[in-house]
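Visitor: Chains as they are written, first to last, in the working numbering: chain A, 1 to 245; chain V, 1 to 228; chain R, 1 to 67. If you scroll down you'll find the structure; I have some questions about it.
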Amino acid sequence: MWKWLHPYAKAERAYQLCNTLLPYFTVVCVATMIIGWIWGLAYAPADYQQKDSYRIIFIHVPSAILSMGAYSSMAIAAIVALVWQIRNAELAVIAIAPVGACITAIALITGAAWGKPMWGAWWVWDARLTSELILLFLYLGVLSLYHAFEDKKAAGRAASILAIVGVINLPIIHYSVEWWNTLHQGATITKLDTKAIDPSMFWPLMVNIVAFAAFVGVVTLIRLKNEILQREKHRPWVRQLLTQE
Amino acid sequence: MIRTHSYWLLFCAVFNKDLKLAFRQRSEIINPILFFLIVISLFPLAIGPEPGLLARMAPGIIWVAALLSTMLGLDKLFRDDFNDGSLEQLMVTPYPLSLTVFAKVAAHWVVTGLPLVLMTPLFALLLNLESNALLATLFTLLLGTPLLSFIGAIGAGLTVGLQKGGILMSLLVLPLYIPVLIFATSAIDTSAMSLDYSGQLAILGAMLAIAIISAPIAISSALKVSVS
Amino acid sequence: MQFDSFSDFIAMGGYGFYVWLSFGTCAAILLGILISSLNDKKRIFKAVADQLIREERIKKAKQEQNS
């Protein structure tokens, strides 16, 4: 059933797959990003309570969702890397981590910029913001562990182990923070009540989520290609590639 | 290779060796406790000696200090064995590495965690904790410090092969400590209000059970990466 | 279009600073990671090309020595 996947364990095939996928992701990303931002910024109606400041959710919510999504895909790649000893999966872990960290940083910054007019403070210890912050620490941990190793082979495996440990801990951290938050304060506004959201706001949000997902895909593919090239730079196929381009 | 000894014997051998080493170098036991004490005495100096305020902040102070003082010993957990090559020897024995690792972490806890638990009455005195909060602190430290040792050992295993692993290890491990911190301090808080805090203790116990099962596996695979 | 004029659009009903701050930093971070990833690719290709040139030169030098 999974046999068709096996050839992609070879670096060259994986590189070609990245090349074939990249244009699709790029087209989807550019199109949805443009539509989503213009729709969200100019055409979506203003919220009756939060007025125009709510427009930040069109980037805050997608980046928050994708920060978690990127972490789980990184962990899946890490499991594949460790269980089946597939090196390309290790490279994927390292390719996703910086993108995920950036997306998490965006979620934090937009959350703060939204919190200032809504709660009157740049930072409140809201459950979701706090777990985003911890998620950023986890991403940075994976990245700094990877860069601390001289031997990149060991670095990839160490980072994979840490990613798996992190993904086991993530739900525990998330729920403990949520529980801690309800314990200490009840005054925060629930940010996004999914039931109450109007279709005129829901659809631009969806478009933006797709845009962010495609963006994560694009950058991950580019970085994965880089990692493959870097790791395989002494192989003949990379040299052939160079003369082709 | 044939296993000539039972798993239990192996566990005892590693455990005893680590304890013996620690007791020979007494500073290894005394330094974390001293560090803990100094950190705790810094807080009243920094925020003022008002008893009510101290009692309110005590759970947080005690637990943050406990997190930091366990970090101190973690760096040395595998380092000496790694440097003199005995870690490699342990890996080629026909015994599972996770068992060896379990014994080492247990020894680490006895050296750094257990003294903290035993010293709890003293800290409670310094920070003006009431008697039922004292009991809660004792229980949370008893359940929580082994958890810290297990989680921390994963970070120690990942960074043992690195030259400057110490700070990096704290960066990796401290975020993972957050749930322990939350539930432990909340148990003490709850007990200070003379409410039932068995729920928080149960969660800490559950986390400890998961850590005991899964952490040795993670630690041993981390060590294999570091040694290879 | 929700806004009557372009200045209205910039003002965002008084929340302009926060909205544009978050969209601005978001765009900056996204572009930043994209550009740095693309630069990495160029750097790697250049390193491989340099290596090839160096190998060529070594080969040539050896040939000259032999002849």
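Glycine residues also receive a C-beta, built at the ideal position from the N, C-alpha and C atoms. Remember, it's a predicted structure, so these values are computed and weren't measured experimentally.
Let me check understanding here. Comparing Cα to Cα, which of A:GLU12, A:TYR8, A:TRP4 lies closest to ARG239 of chain A?
Guide: A:GLU12
Visitor: For LYS51 of chain A, name the three-state secondary structure that DSSP assigns.
Guide: LYS51 of chain A sits in a strand when the DSSP states are folded into three classes.
Visitor: On the premise that LEU162 of chain V lies in contact with PHE149 of chain A, defined as a C-beta separation below 8 angstroms, what is that separation, rounded to the nearest angstrom?
Guide: 7 angstroms
Visitor: Is there at least one Cβ from chain V nearer than 8 angstroms to ILE76 of chain A's Cβ?
Guide: no
Visitor: Is it buried or exposed, ARG3 of chain V, if we count other Cβ atoms within 10 angstroms and call 16 or more buried?
Guide: exposed
Visitor: For GLN230 of chain A and VAL225 of chain V, what's the separation of their Cα atoms in angstroms?
Guide: Roughly 21 angstroms separates the two Cα atoms.
Visitor: Going straight from the alpha carbon of ILE161 of chain A to that of LYS51 of chain A, what length do you get?
Guide: 45 angstroms
Visitor: Hey, could you find the ends of the alpha helix (DSSP H) VAL273 of chain A is sitting in?
Guide: As displayed, chain A neither begins before 1 nor continues past 245, which places residue 273 of chain A out of reach and without an answer.
Visitor: Going along chain V, which residues have a C-beta under 8 angstroms from VAL165 of chain A?
Guide: Listed along chain V, the residues sitting closer than 8 angstroms to VAL165 of chain A by beta-carbon distance are ILE154, LEU176, ALA218.
Visitor: If you measure beta-carbon to beta-carbon, which residues of the stretch 37-54 of chain R are closer than 8 angstroms to chain A?
Guide: For the stretch 37-54 of chain R, the set of positions with a beta-carbon nearer than 8 angstroms to some beta-carbon of chain A reads SER37, LEU38, ASP40, LYS41, ILE44, PHE45, ALA47, VAL48, ALA49, GLN51, LEU52 in chain order.
Visitor: Output the residue ranges of the alpha helix (DSSP H) runs that lie fully inside the stretch 145-185 of chain A and measure 4 residues or longer, sorted by chain position.
Guide: The stretch 145-185 of chain A contains these whole alpha helix (DSSP H) runs: 152-184.
Visitor: Can you tell me whether LEU223 of chain V is helix, strand or coil according to DSSP?
Guide: Three-state result, LEU223 of chain V: helix.
Visitor: Can ALA89 of chain A and LEU143 of chain A be called in contact, C-beta distance under 8 angstroms?
Guide: no
Visitor: Cutting at 8 angstroms between CB atoms, please list the residues of its own chain near THR182 of chain A, excluding the five before and the five after it.
Guide: ALA127
Visitor: Taking LEU31 of chain R as the query, report the chain A residues whose CB atoms sit under 9 angstroms from its CB, ordered along the chain.
Guide: Residues of chain A passing the Cβ test: none, with the nearest at roughly 10 angstroms.
Visitor: Establish whether the CB of PHE9 of chain R and some CB of chain A are separated by less than 8 angstroms.
Guide: yes
Visitor: Taking a cut of 7 angstroms between CB atoms, which residues from the stretch 162-187 of chain V lie near chain A?
Guide: LEU162, LEU168, LEU171, LEU172, PRO175, LEU176, ILE178, PRO179, ILE182, PHE183, SER186
Visitor: Would you check if the stretch 198-215 of chain V and the stretch 60-68 of chain A touch, i.e. whether three or more CB-CB distances between them fall below 8 angstroms?
Guide: no
Visitor: With 16 other CB atoms within 10 Å as the buried threshold, where does THR140 of chain V fall?
Guide: buried
Visitor: Quick one: which chain A residues come within Cβ less than 8 angstroms of PHE6 of chain R?
Guide: The premise fails here: PHE6 of chain R is roughly 10 angstroms from chain A at the closest Cβ pair, so nothing lies under 8 angstroms.
Visitor: Who are the neighbours of TRP180 of chain A on chain V, taking C-beta pairs under 8 angstroms?
Guide: Around TRP180 of chain A, the beta-carbon contacts reaching into chain V at under 8 angstroms are ILE182, SER186.
Visitor: Note down, in chain order, every chain A residue with its Cβ under 7 angstroms from the Cβ of ALA209 of chain V.
Guide: Neighbours of ALA209 of chain V across chain A, judged by C-beta separation under 7 angstroms, do not exist; the nearest C-beta is about 13 angstroms away.
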